[in-house]
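Engineer:
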Amino acid sequence: MSRVPWRYLLGPMLLALIVVVARSSSTSPPRPVVTTMGTPLGAVSVTVHNPQGPRLAICVHGFNRALVDEWSGVASVLANSGYRVLMPNLHSNPSTKPGAISQAEFASVALALANGQPAVWLGKSWGGANVASFAAAQPKAVTRVVLDAPALDARSVPELCVGMHGTPLLLLWAEDDTVVPLASAVPTWRARCPHATLHTEPTGGHRILTDAYVPAVLAFLG
Numbered sequence: 006m007s008r009v010p011w012r013y014l015l016g017p018m019l020l021a022l023i024v025v026v027a028r029s030s031s032t033s034p035p036r037p038v039v040t041t042m043g044t045p046l047g048a049v050s051v052t053v054h055n056p057q058g059p060r061l062a063i064c065v066h067g068f069n070r071a072l073v074d075e076w077s078g079v080a081s082v083l084a085n086s087g088y089r090v091l092m093p094n095l096h097s098n099p100s101t102k103p104g105a106i107s108q109a110e111f112a113s114v115a116l117a118l119a120n121g122q123p124a125v126w127l128g129k130s131w132g133g134a135n136v137a138s139f140a141a142a143q144p145k146a147v148t149r150v151v152l153d154a155p156a157l158d159a160r161s162v163p164e165l166c167v168g169m170h171g172t173p174l175l176l177l178w179a180e181d182d183t184v185v186p187l188a189s190a191v192p193t194w195r196a197r198c199p200h201a202t203l204h205t206e207p208t209g210g211h212r213i214l215t216d217a218y219v220p221a222v223l224a225f226l227g
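Mapping of the sequence shown onto my numbering: position 14 corresponds to residue 19, and the numbering continues sequentially without gaps.
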């Protein structure tokens, strides 16, 4: 059998490579961009995944300034699923940072970020508490809610659950979370929000467990 010289194969191989790259580029959303968005309390920095996505999801970080990007793994997957995902850095404005902003002020900022579009809201710890409060007060602004170990006083849960009645709710928790312990929080959620879906992991602490939580989030969003 005669061998085909490499110079005759190079053209088809290069063409095939271009086709693969083009297909990948056409199906993958663009890289996240960092921009600023105006709110009633001033501008905040926002990382935007898939800016042209038709559906909106907004991810709110916890209290720790070092973890403002903790939703980024989940956000990337949601972007690949067709969502435009906003990750506001509330530490970027002294008036919106955790510890300075009230729940009522958070609601005004949240409405400005969504700009009239109902959204899936995701919040972790401090962010989860504020997302829950916002969802209860503004149910028409919310399509679904995902809370990762929301840092809430158990006494506030019953009222929030009344406000979120009818809003699909997913709770994410690690069983060894010592910051917002599962054992002390979940019984109240189960009793007051029986419609909520609970997904737990045996270990993981007070963190967003991207690999473990993504399948549950995608199944919840349908």
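Even for Gly, the Cβ is constructed at its ideal location relative to N, Cα and C.
So what does DSSP say about residue 98, is it helix, strand or coil?
Structural biologist: Taking the sequence shown and counting its residues from 1, the one referred to as residue 98 is at position 93. Three-state DSSP puts residue 98 in coil, outside helix and strand.
Engineer: Please list, in chain order, all residues of the same chain as residue 72 whose beta carbon is under 8 Å from its beta carbon, the five residues on each side excluded.
Structural biologist: Translated into positions along the sequence shown, residue 72 becomes position 67. Closer than 8 Å at the Cβ level, and outside the excluded window around residue 72, lie 66.
Engineer: Run through DSSP, which three-state label would residue 214 get?
Structural biologist: Residue mapping note: residue 214 aligns to position 209 of the sequence shown, counting from 1. The answer is coil: DSSP assigns residue 214 none of H, G, I, E or B.
Engineer: Apply the 10 Å Cβ neighbour rule to residue 145 and answer buried if 16 or more other Cβ atoms are within range, or exposed otherwise.
Structural biologist: On the sequence shown, position 140 is the one that residue 145 refers to. Answer is exposed; the Cβ neighbour count stays below 16.
Engineer: What's the call for residue 93, buried or exposed, on a 16-neighbour Cβ count within 10 Å?
Structural biologist: Residue mapping note: residue 93 aligns to position 88 of the sequence shown, counting from 1. So residue 93 ends up on the buried side.
Engineer: For residue 101, count neighbouring C-beta atoms within 10 Å of its own C-beta (all shown protein chains included) and say buried if the count is 16 or more, exposed if not.
Structural biologist: Walking along the sequence shown from the start, residue 101 turns up at place 96. Looking at its Cβ environment, which holds 16 or more other Cβ atoms inside 10 Å, residue 101 is buried.
Engineer: Please report how far the alpha carbon of residue 202 lies from the alpha carbon of residue 38, in whole angstroms.
Structural biologist: As a working mapping, residue 202 is identified with position 197 in the sequence shown. As a working mapping, residue 38 is identified with position 33 in the sequence shown. If I take the Cα positions, the gap works out to 32 Å.
Engineer: Could you round the C-beta distance between residue 90 and residue 55 to whole angstroms and report it? I think they count as a contact, below 8 Å.
Structural biologist: Numbered from 1 along the sequence shown, position 85 holds the residue referred to as residue 90. Numbered from 1 along the sequence shown, position 50 holds the residue referred to as residue 55. Confirmed, Cβ separation roughly 6 Å.
Engineer: In the DSSP assignment, find the alpha helix (DSSP H) that holds residue 166 and state where it starts and stops.
Structural biologist: Here residue 166 refers to the residue found at position 161 when the sequence shown is read from its first residue. Start and end: 162 to 168.
Engineer: Give the DSSP-derived three-state secondary structure of residue 193 in the structure shown.
Structural biologist: Taking the sequence shown and counting its residues from 1, one reaches residue 193 at position 188. If DSSP states are grouped into helix, strand and coil, residue 193 belongs with the helices.
Engineer: What three-state label does DSSP hand residue 130 in the structure shown?
Structural biologist: For the purposes of this step, residue 130 is taken as residue 125 along the sequence shown, with counting starting at 1. Coil.
Engineer: Could you give the distance in angstroms between the alpha-carbon of residue 61 and the alpha-carbon of residue 124?
Structural biologist: Within the sequence shown, numbered from 1, the residue matching residue 61 stands at position 56. Within the sequence shown, numbered from 1, the residue matching residue 124 stands at position 119. Rounded to whole angstroms, residue 61 to residue 124 spans 5 Å at the Cα level.
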